[in-house]
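Trainee: Residue numbers (our numbering), protein chains in the order written: chain Y, 45 to 403; chain Z, 10 to 276. Where is the CB? At the ideal position from N, CA and C, for every residue including glycine. In this text the structure is predicted, and so the values were computed from the model without any measurement.
#1: Who are the neighbours of residue 137 of chain Y on chain Z, taking C-beta pairs under 7 Å?
#2: Output the distance between the C-alpha atoms of residue 46 of chain Z and residue 37 of chain Z, rounded to the nearest integer angstrom.
#3: Which runs of the beta strand (DSSP E), 3 residues or longer, sit entirely within the region 273-358 of chain Y?
#4: Note down, in chain order, every chain B residue with its Cβ under 7 Å from the Cβ of residue 122 of chain Y.
#5: Taking C-beta to C-beta, are residue 128 of chain Y and residue 248 of chain Y nearer than 8 Å?
#6: Which residue from Y:182, Y:195, Y:232 puts its Cα closest to that of residue 130 of chain Y?
#7: Let me see if you follow: with CB-CB separation under 8 Å, is residue 102 of chain Z close to chain Y or not?
#8: Cβ of residue 102 of chain Y less than 8 Å from any chain Z Cβ?
#9: CB-CB under 7 Å to residue 132 of chain Z, same chain, minus the five flanking residues each way: which ones, in chain order?
#10: What does a CB cutoff of less than 7 Å around residue 83 of chain Z pick up in its chain, not counting 5 residues either side in sequence?
#11: Who are the neighbours of residue 180 of chain Z on chain Y, taking C-beta pairs under 8 Å?
#12: At what residues does the beta strand (DSSP E) containing residue 258 of chain Y begin and finish?
#13: With a threshold of 16 other CB atoms inside 10 Å of the CB of residue 48 of chain Z, please say whether the residue is buried or exposed.
#14: Less than 8 Å separating the beta-carbons of residue 203 of chain Z and residue 253 of chain Z?
#15: Whole angstroms is fine: what's the gap from residue 263 of chain Z's alpha carbon to residue 79 of chain Z's?
#16: If the cut-off is 7 Å on Cβ atoms, which residues from the region 183-208 of chain Z count as contacting chain Y, listed in chain order?
#17: Could you say which of Y:279, Y:333, Y:151, Y:46 lies nearest to residue 112 of chain Y if we only look at CA atoms?
#18: Does the beta carbon of residue 402 of chain Y come closer than 8 Å to any beta carbon on chain Z?
#19: Starting from residue 365 of chain Y, follow the beta strand (DSSP E) in both directions and report where the run begins and ends.
#20: Measure the CB-CB distance between residue 79 of chain Y and residue 258 of chain Y and report whether it falls below 8 Å.
#21: Report yes or no: is there a C-beta of chain Y within less than 8 Å of the C-beta of residue 109 of chain Z?
#22: Kindly list, in the order they appear in chain Y, the residues whose Cβ is closer than 9 Å to that of residue 173 of chain Z.
#23: Measure the C-alpha to C-alpha separation of residue 285 of chain Y and residue 329 of chain Y and round it to an integer number of angstroms.
#24: Taking a Cβ distance cut-off of 7 Å, strictly less, list which residues of the region 146-172 of chain Y are near chain Z, in chain order.
#25: Answer with yes or no whether the minimum CB distance from residue 180 of chain Y to chain Z is below 8 Å.
#26: With the cut-off set at 8 Å, would you say residue 39 of chain Z and residue 100 of chain Z are in Cβ contact?
#27: Classify residue 154 of chain Y as buried or exposed, calling it buried when 16 or more other Cβ atoms lie within 10 Å of its own Cβ.
#28: How many Å lie between residue 144 of chain Y and residue 163 of chain Z at the Cα?
#29: Select from Y:148, Y:151, Y:142, Y:337 the residue whose C-alpha is nearest the C-alpha of residue 175 of chain Y.
#30: For the region 58-74 of chain Y, enumerate the residues whose C-beta is nearer than 9 Å to any C-beta of chain Z, in chain order.
#31: With a threshold of 8 Å between beta carbons, is residue 67 of chain Z in contact with chain Y?
#32: Determine the contact status of residue 209 of chain Y and residue 126 of chain Y, defining contact as a CB-CB distance below 8 Å.
#33: If I measure Cβ to Cβ from residue 395 of chain Y and keep anything under 7 Å in the same chain, skipping five residues before and after, which residues do I get?
#34: Please decide whether residue 51 of chain Y counts as near chain Z, where near means a Cβ-Cβ distance under 8 Å.
#35: Quick one, are the C-beta atoms of residue 160 of chain Z and residue 95 of chain Z less than 8 Å apart?
#36: For residue 382 of chain Y, does the three-state DSSP call read helix, strand or coil?
The structure is reproduced here in structure tokens:
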């Protein structure tokens with residue numbers, strides 16, 4: 045087990061002829077604490093898998109270094125790093141039985157056969173594979189195979205970290221839930237660092253203690269699910285986490301207060317000084333409410349999602365989403381809304397303006 | 010009527026295909042005089058004498074042995090060389106990889122006759138003329154590109170995560186390649202070996218040019234239609250029938266995988 049540290053890591057894949065390299069990862073400085081359960085969340089193509097492959101050593105970063113417990117491992121080969129990794133699609137050694145597949149990482153490290161037996165049975169039990177241990181791995185269904193992949197990742201207890209690269213994509217929804225709680229349970233038992241890549245926010249928020257949100261090759265925010273929800277540091281986090289995502293609306297600043305359209309917004313603090321760049325105000329749909337005086341809007345659509353309703357409103361050409369409890373009613377005439385001042389945030393060039401929060 | 014047609018057309022087709030083979034087989038059981046005397050569908054005087062000659066006369070059976078030796082050498086060399094090459098094409102991106110991959114095929118665009126003369130001169134110069142290795146190496150010119158193409162298709166069907174997982178699980182590259190990767194693509198190797206075998210087995214021109222006595226292939230022996238005892242058509246038919254046997258045996262073993270090779274579009 046180890047504390048994994050990224051120091052100024054950048055990575056670019058070889059570009060097509062005559063083009064400038066595009067960095068898949070840009071300036072990552074990140075510490076993965078020993079024993080943490082992390083989720084790496086972001087849209088497809090934001091560099092999540094690249095980051096994982098750099099940890100496991102399948103890729104060597106173009107710049108920067110990786111440290112395990114303060115020791116540099118940037119050039120160490122994969123097999124020397126003691127990392128387990130589970131990929132999106134099942135990888136099994138077709139020619140071996142399920143048992144041999146699970147035992148493979150242990151035997152390669154010269155583990156005593158008795159202990160191997162014990163450990164494999166334990167993992168098979170956990171993943172419901174006990175009945176299949178004798179079968180050839182190639183005969184199993186896709187989710188059976190993926191369970192083997194997972195099992196092979198989990199079977200060693202002496203690894204530095206276990207990396208999951210969207211491991212539950214091919215698994216049935218009801219089984220997904222079950223496996224995810226098993227992973228969490230295992231994390232609590234063993235306490236090994238786990239990094240779980242996903243683009244599904246529900247998966248990330250239920251699995252992890254800390255969520256690392258990535259966007260276009262940079263880490264935009266690291267935090268607990270609650271922090272990400274209440275204090276998105278970047279408009280992308282606000283937009284990506286939560287359903288529906290945060291409303292991000294253009295604004296200007298007048299006397300330290302944000303102005304949206306022609307409406308002065310009330311926020312907790314004053315913005316000091318001049319801000320250069322694209323100014324936006326961010327408000328989660330949960331913190332928008334109807335009021336007697338406020339921003340006049342037009343109601344475009346009301347969706348009833350059972351426990352709550354999602355309203356689509358427009359003010360001039362801007363679309364605002366709003367979440368309302370089921371028992372509330374929509375005002376029939378001249379609806380006006382206001383934003384909760386505690387949860388209204390100002391963003392400058394997509395990054396939150398910190399002063400607004402601190403003062 | 011439709012049900013009837015369903016098997017009628019294939020049956021006719023198969024009969025049509027089998028006819029020359031049947032002709033060859035039935036001829037091989039006839040005496041040369043009977044063959045020269047006129048056409049008959051069944052042998053009038055059934056004889057195994059032709060086969061007896063082939064299995065006892067060294068000039069005949071050595072032809073088979075020579076052919077099998079160079080075919081086997083060629084198949085082994087081709088597959089051994091093509092395996093790492095195909096792996097490189099399927100797993101790595103390097104400068105000019107696509108062009109090189111296509112260029113491999115251009116070796117197959119020239120007829121073998123083009124190479125007969127240079128090969129003859131080359132092998133004579135280094136004293137390889139009339140050896141099995143000469144023919145085996147000459148056939149590599151065509152078989153290695155073919156093998157690389159077929160194997161690359163099968164290898165690309167294996168996700169590269171398999172390689173990565175094996176490294177994560179503690180295998181070195183070569184251990185992975187030999188212990189895991191090769192068994193995984195065993196079917197592809199079987200198909201590749203079959204095609205190398207068949208090509209080398211039926212190729213006549215280079216084999217004949219590069220040999221005289223010691224390594225003379227059966228096909229070259231068969232071009233001798235007359236000997237001191239006159240025409241030997243029965244003997245030729247028997248020899249011809251026997252040349253089909255090795256191919257039939259090999260195809261039996263890879264019959265289930267050939268379709269997969271075709272489906273990959275590489276065969």
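Mentor: On the basis of the supplied data:
#1: Per Cβ cutoff of 7 Å: 189.
#2: Roughly 15 Å separates the two Cα atoms.
#3: Within the region 273-358 of chain Y, the runs of beta strand (DSSP E) at least 3 residues long that lie entirely inside it are, in chain order, 291-294, 296-298, 301-304, 323-327, 332-340, 342-348.
#4: The question asks about chain B, but that chain is absent: this structure's protein chains are Y and Z.
#5: No.
#6: Among Y:182, Y:195, Y:232, the Cα nearest to that of residue 130 of chain Y is on Y:195.
#7: Yes, because at least one Cβ of chain Y sits closer than 8 Å to the Cβ of residue 102 of chain Z.
#8: Chain Z contact via Cβ: present.
#9: If we look at residue 132 of chain Z and ignore the five residues flanking it on each side, its Cβ neighbours are 138, 143, 219.
#10: These residues qualify, in order along the chain: 145, 148, 149, 152, 205, 209.
#11: The contacting residues are 123, 152.
#12: Start and end: 254-259.
#13: Exposed, because fewer than 16 other Cβ atoms sit within 10 Å of the Cβ of residue 48 of chain Z.
#14: No, the Cβ-Cβ distance between residue 203 of chain Z and residue 253 of chain Z is not below 8 Å.
#15: Distance between the alpha carbons of residue 263 of chain Z and residue 79 of chain Z is about 21 Å.
#16: Along the region 183-208 of chain Z, the positions whose C-beta sits under 7 Å from a C-beta of chain Y are 189, 192, 193, read in chain order.
#17: With distances taken between Cα atoms, residue 112 of chain Y lies closest to Y:46.
#18: Note that residue 402 of chain Y scores a pLDDT of 44, beneath 50, so its modelled location is shaky and nothing firm can be said.
#19: In this chain, the beta strand (DSSP E) harbouring residue 365 of chain Y covers 362-369.
#20: With respect to the 8 Å criterion, residue 79 of chain Y and residue 258 of chain Y are not classified as neighbours on the basis of their beta carbons.
#21: Among the residues facing chain Y, residue 109 of chain Z is not included, as its CB has no counterpart in that chain under 8 Å away.
#22: Going along chain Y in sequence order, the residues near residue 173 of chain Z (Cβ under 9 Å) are 97, 100, 102, 122, 129, 131, 135.
#23: Each residue's Cα considered, the two are about 12 Å apart.
#24: Residues of the region 146-172 of chain Y whose Cβ lies closer than 7 Å to any Cβ of chain Z, in chain order: 148, 149, 152, 153.
#25: For residue 180 of chain Y, the closest Cβ of chain Z is not nearer than 8 Å.
#26: Residue 100 of chain Z sits away from residue 39 of chain Z, with the two beta carbons spaced by 8 Å or more.
#27: Flag for residue 154 of chain Y reads exposed.
#28: Straight through space, the alpha carbons of residue 163 of chain Z and residue 144 of chain Y are spaced by roughly 24 Å.
#29: When the alpha-carbon of residue 175 of chain Y is set against those of Y:148, Y:151, Y:142, Y:337, the nearest one is in Y:142.
#30: Residues 58.
#31: By this cut-off, residue 67 of chain Z is not an interface position.
#32: Judged by their CB atoms, residue 209 of chain Y and residue 126 of chain Y are not nearer to each other than the 8 Å cut-off.
#33: Within the same chain, residue 395 of chain Y has close Cβ partners 277, 278.
#34: False, the Cβ-Cβ gap to chain Z never drops below 8 Å.
#35: Yes; because the gap between Cβ atoms is below 8 Å, this pair is in contact.
#36: Of the three classes helix, strand and coil, the one that applies to residue 382 of chain Y here is strand, per DSSP.
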